[in-house]
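Peer 1: One structure, as structure tokens, below. Some questions next.
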Amino acid sequence: MPGTRVQSVLAGFQKAMSFMIVSTMRWLLPALLVLPLLSALAAAHAAPLMQPQVQTVGRVVSDAGGWHATWPGVTLTTRFRGRAIGIVVDDPLSGYTVELDGTIRHPLALVANEHTVWLRGLSNGSHELRLTRRNETTSAPGAIRGFLLENGTWLPSKAGASRQIEFIGDSFTAGLANLSKKRSCNAATIRATSDATATFGVRVARHFHANWEINAMSGMGMVRNWNGNLPGENFRTYYPRLLQNDAQSKADDANWHPQLIVIGLGINDFSTPLHEGEAWTRDTLAQQFKESYRSMLAELRQRYGQVEIIATAVRVGAEDQQGPLVQQVVDSARADGDLRVHYLEYEGLQLTACQWHPNLADHARMARALIDKIDAVNPFPSTRP
Numbered sequence: 047m048p049g050t051r052v053q054s055v056l057a058g059f060q061k062a063m064s065f066m067i068v069s070t071m072r073w074l075l076p077a078l079l080v081l082p083l084l085s086a087l088a089a090a091h092a093a094p095l096m097q098p099q100v101q102t103v104g105r106v107v108s109d110a111g112g113w114h115a116t117w118p119g120v121t122l123t124t125r126f127r128g129r130a131i132g133i134v135v136d137d138p139l140s141g142y143t144v145e146l147d148g149t150i151r152h153p154l155a156l157v158a159n160e161h162t163v164w165l166r167g168l169s170n171g172s173h174e175l176r177l178t179r180r181n182e183t184t185s186a187p188g189a190i191r192g193f194l195l196e197n198g199t200w201l202p203s204k205a206g207a208s209r210q211i212e213f214i215g216d217s218f219t220a221g222l223a224n225l226s227k228k229r230s231c232n233a234a235t236i237r238a239t240s241d242a243t244a245t246f247g248v249r250v251a252r253h254f255h256a257n258w259e260i261n262a263m264s265g266m267g268m269v270r271n272w273n274g275n276l277p278g279e280n281f282r283t284y285y286p287r288l289l290q291n292d293a294q295s296k297a298d299d300a301n302w303h304p305q306l307i308v309i310g311l312g313i314n315d316f317s318t319p320l321h322e323g324e325a326w327t328r329d330t331l332a333q334q335f336k337e338s339y340r341s342m343l344a345e346l347r348q349r350y351g352q353v354e355i356i357a358t359a360v361r362v363g364a365e366d367q368q369g370p371l372v373q374q375v376v377d378s379a380r381a382d383g384d385l386r387v388h389y390l391e392y393e394g395l396q397l398t399a400c401q402w403h404p405n406l407a408d409h410a411r412m413a414r415a416l417i418d419k420i421d422a423v424n425p426f427p428s429t430r431p
């Protein structure tokens with residue numbers, strides 16, 4: 047009898063529990079079905095953005111007057127819904143590559159005064175606009191003052207790429223006159239035929255679905271600048287700056303954590319003969335170059351930690367010192383235990399662009415060599431594009 051009573055109690059408990067589960071599911075399932083609809087309705091009725099959300103990559107100052115930059119390759123990205131967008135440009139020394147929904151359109155030309163460029167006739171849907179600064183303007187920043195819509199709405203920014211590559215260098219890295227097809231050019235031609243988006247660096251970054259920074263400055267060397275210009279200054283004078291013309295500005299982007307750094311410095315140190323009155327002999331310049339290169343590697347380690355670094359060189363003559371010296375710096379670093387420093391020498395360049403600079407075919411060749419090297423180094427083992 048006691049056993050029968052226990053069984054009866056258990057049966058009653060099971061029956062009650064079954065009723066509770068069925069009752070719960072009767073209201074829980076409809077709720078689960080309704081929740082996505084409620085979320086969608088909430089998103090549809092969310093307060094519209096009154097200003098564009100602009101995602102920047104590269105060294106740029108943002109304030110009430112817009113986005114200001116001197117370094118090449120800086121990108122600004124915004125999203126919107128509508129059939130037209132206006133770009134307010136105030137940058138007389140740099141053009142911009144325009145990408146709309148991933149397709150490159152006609153670039154923004156160099157214009158002396160502030161002006162607005164409209165992209166009209168777009169499909170009536172959501173769009174993503176990306177501008178990339180084509181030129182370097184060391185002495186004066188250019189600005190994108192703002193963005194405008196006609197009967198459209200701004201959309202929230204998407205998450206940025208997790209992969210990041212920083213390119214450090216001189217005019218070869220900046221893409222000076224890479225669109226030109228002759229070696230003799232004036233300043234206006236050089237400016238008009240320079241395009242950071244056609245450089246080996248941007249090609250490589252696109253290949254790996256990575257964001258890029260191009261921190262490059264024409265004519266500057268690790269120790270000595272081209273033809274001995276600007277004694278007392280060199281690339282390392284300007285590298286820490288957010289704007290090159292502002293010695294007080296400091297590049298310190300909390301969102302910039304590159305997994306890979308590519309250095310291309312040393313061409314200007316050795317491509318022209320030493321002149322009477324300069325501070326070096328051939329031997330002392332070589333020694334100071336190696337010391338400065340080692341110091342820069344240490345500074346990059348302090349800034350970015352244990353990222354992969356590829357130190358590159360271009361052999362521009364039989365007596366050129368850059369390649370052998372950079373190789374010695376890399377070998378020394380690896381002998382001291384830093385196995386995340388690597389060496390790559392670009393070969394077979396035509397250098398038929400203005401002032402013996404790489405043409406488009408050269409940039410493609412450098413990009414292929416660098417991609418192969420990066421594949422071997424594997425700096426992105428645990429990140430998705």
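First residue of the sequence shown? That's 47 in the numbering used here, and the numbers climb one at a time after it. Backbone N, C-alpha and C fix where the C-beta goes; we use that ideal spot for every residue, glycine too. Note that the coordinates shown come from a computational prediction; the quantities given were computed from them, not determined experimentally.
#1: So for N273, helix, strand or coil by DSSP?
#2: Considering only their Cβ atoms, is the gap separating A297 from L11 smaller than 9 Å?
#3: Going by Cα to Cα distance, which pick from Q401, G265, G383, H173 is closest to G215?
#4: Flag this pair as touching only if the region 342-356 and the region 391-410 have three or more C-beta atom pairs under 8 Å; answer yes or no.
#5: What's the gap between the Cα of I313 and the Cα of L146?
#6: Taking the C-alpha atoms as reference points, what is the distance between S341 and H409?
#7: Within the chosen definition, does the region 194-201 reach the region 229-240 through at least 3 CB pairs nearer than 8 Å?
#8: Enumerated in chain order, which unbroken segments of the beta strand (DSSP E) with a length of 3 residues or greater are wholly contained in the region 108-192?
#9: Does DSSP classify V423 as helix, strand or coil?
#10: What residue range does the alpha helix (DSSP H) around Q373 cover?
#11: Exposed or buried, which one is A242 when buried takes at least 16 other CB atoms within 10 Å?
#12: Which term fits D315, buried or exposed, when burial requires 16 or more other beta carbons within 10 angstroms of its beta carbon?
#13: In the DSSP assignment, the alpha helix (DSSP H) including A223 goes from what residue to what residue?
#14: Where does F335 sit, in a helix, a strand or coil, going by DSSP?
#15: Count the other CB atoms within 10 Å of the CB of N424; is the residue buried (16 or more) or exposed (fewer)?
#16: Pick from G247, E391, L95: whose alpha carbon is nearest that of P370?
#17: Return the Cβ separation of Q210 and P118 in integer angstroms, given the expectation that the two are a contact with Cβ distance under 8 Å.
#18: Please report the distance separating the alpha-carbon of V387 from that of V163.
#19: Once the 5 residues before and after K419 are set aside, which same chain residues still bring their CB inside 8 Å of it?
#20: With three or more beta-carbon pairs closer than 8 Å as the criterion, would you say the region 167-178 touches the region 220-229?
#21: Applying the criterion that 16 or more other CB atoms from any shown protein chain within 10 Å of the CB defines a buried residue, is R180 buried or exposed?
#22: Can you tell me the Cβ-Cβ gap for H403 and S217, rounded? I've got them flagged as a contact below 8 Å.
#23: Using a Cβ distance threshold of 8 Å, determine whether the region 156-170 contacts the region 124-136, with at least three qualifying pairs required.
Peer 2: So, from the data block:
#1: Three-state DSSP puts N273 in a helix.
#2: This structure does not reach residue 11, given that the chain is present from 47 up to 431, and the question cannot be answered.
#3: Closest by C-alpha distance to G215, out of Q401, G265, G383, H173, is G265.
#4: Too few Cβ pairs lie closer than 8 Å, so no.
#5: For I313 and L146, the distance between alpha carbons rounds to 36 Å.
#6: Whole-angstrom Cα-Cα distance: 28 Å.
#7: Three or more beta-carbon pairs separated by less than 8 Å are not found between the region 194-201 and the region 229-240, which leaves the two stretches without contact.
#8: If we require 3 residues or more, the beta strand (DSSP E) runs fully inside the region 108-192 come out as 112-115, 121-128, 131-136, 142-146, 161-165, 171-179.
#9: For V423, the secondary structure class from DSSP, reduced to helix, strand or coil, is helix.
#10: Secondary structure note for Q373: its alpha helix (DSSP H) is the uninterrupted segment 368-381.
#11: With 16 or more other Cβ atoms inside 10 Å of its own Cβ, A242 counts as buried.
#12: With a threshold of 16 other beta carbon atoms within 10 Å, D315 meets it and is buried.
#13: Looking at the DSSP string, A223 is not in any alpha helix (DSSP H), and its letter there is neither H nor E.
#14: In the displayed model, F335 falls within a helix according to three-state DSSP.
#15: N424 should be labelled exposed.
#16: Checked all of G247, E391, L95; the closest Cα to P370 is E391.
#17: Wrong, their Cβ atoms sit about 17 Å apart, outside the cutoff.
#18: Roughly 44 Å separates the two Cα atoms.
#19: The answer, listed in chain order, is I356, H388, L390.
#20: Judged by Cβ distances under 8 Å, the region 167-178 makes no contact with the region 220-229, as fewer than three pairs qualify.
#21: That one is buried.
#22: Right, their Cβ atoms sit about 6 Å apart.
#23: Contact between the region 156-170 and the region 124-136 is present: 3 or more CB-CB pairs across the two stretches fall below 8 Å.
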